[in-house]
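> According to numbering that gives the first Met the number 0, the stretch in the sequence shown is residues 0 to 218, in order.
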Amino acid sequence: MPGQLPLKFPLREEFTLDRFRAGLNRELIETATSNERVWIYGEARVGKTHLAQAVCGQNEGSVFLPAKAIPLDDVDLDGYGAYEQLVIDDADCWLGRRDVEEQLLALTETRLAAGLGLLMTGSDTPHNLGFSIDDLGSRLRSFQCMELRSLPDSEKRRWLVDEAGDRGLELTHDVLEYLFARVGRSQADLADVIEKLDFESLAQSRKLTIPFVREVLRL
């Protein structure tokens, strides 16, 4: 175990593998949980953070680092080299800053030499990202790179009902179909819709009905 204790970032209780909807990503999930060197990319709010935290939740020896939550000036990766599993979410946020890339390269080399896994997520494959340090780009491009694909519409419906239920909202079949016919179908768009409806439902003490949804979303 490293001598320096790392920052501890809490995992969301609901971000478990049991609650992760696999859709077209079953092979990806097997790879992500294999404790190998893996880079997962995909569109915003498709479930990368959920999967990253779920992987950590499976192993007490795991450490989760949300790159977006750590300002570039505060990045300090000393002490993370020997943990059994390390997951860096939104790792591409650290690219383009040479001193941070140097730390990331050193960390990657340490874990490679020790035969330890490293799971990273990002908005795109390393083949399409820019690096200040070529060696880091070369190392990350050697990872297994897999795209986390959006859910099919049928599973998006079930996912949206669950998202609403987690917030104490009842999303009836009629309201669900009304939404799907009128708003964007990306998971990011749908998550934004539920967040907005949740806020207004609490503020106005109203249930999710078609008139209410039409009013809030100005459809």
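Ideal Cβ placement from N, Cα and C applies to all residues, glycine included.
Applying the 10 Å Cβ sphere with the 16-neighbour rule, what's the burial state of F14?
buried
> Go through its chain and collect everything with a Cβ distance to V215's Cβ below 7 Å, but skip five positions before and after it.
K195, L196, E199
> Compare the Cα-Cα distances from L175 to each of R217, K155, D165 and report the closest residue.
K155
> Once the 5 residues before and after R217 are set aside, which same chain residues still bring their CB inside 6 Å of it?
Result list for R217: empty, nothing under 6 Å.
> Tell me the rounded alpha-carbon separation between F19 and G46.
8 Å
> Buried or exposed: Q203, going by 16 or more other Cβ atoms within 10 Å of its Cβ?
exposed
> Excluding sequence positions up to five away, which residues of its chain have a Cβ less than 7 Å from the Cβ of L117?
R36, L85, T107, R110
> For D91, tell me which candidate among P9, A113, A66 has the shortest Cα-Cα distance.
A66
> Taking DSSP as the reference, what is the three-state secondary structure of L71?
The answer is helix: DSSP assigns L71 an H, G or I state.
> Mind reading off the beta-carbon distance from Y40 to D123? Whole number of angstroms is fine, and I expect it under 8 Å.
Between D123 and Y40 the Cβ distance is about 5 Å, and since that is below 8 Å, they are a contact.
> Can the beta-carbon of V99 be found closer than 9 Å to that of Y79?
no
> Hey, how far is the Cα of M0 from the Cα of N34?
Caution is warranted here: a pLDDT of 42 is assigned to M0, below 50, making its placement in the model unreliable, and the coordinate value is therefore given only provisionally. Each residue's alpha carbon lies about 17 Å from the other.
> In whole angstroms, give me the CA-to-CA distance for G136 and G129.
8 Å
> Can you tell which of G167, A180, F8 has its C-alpha closest to the C-alpha of A51?
Per the C-alpha coordinates, the member of G167, A180, F8 positioned closest to A51 is F8.
> Out of L201, M145, K206, which has the shortest C-alpha to C-alpha gap to T32?
The shortest C-alpha separation from T32 is found at M145.
> So, under 8 Å CB-CB, L178 and V192 are touching, yes? Tell me the CB distance rounded to an integer number of Å.
6 Å
> Note down the Cα distance separating Q186 from A43, rounded to an integer number of angstroms.
8 Å
> Would you decide whether S149 is buried or exposed? Buried here means 16 or more other CB atoms lie within 10 Å of its CB.
buried
> For the candidate residues G114, S141, V54, whose alpha-carbon lies nearest to that of H126?
S141
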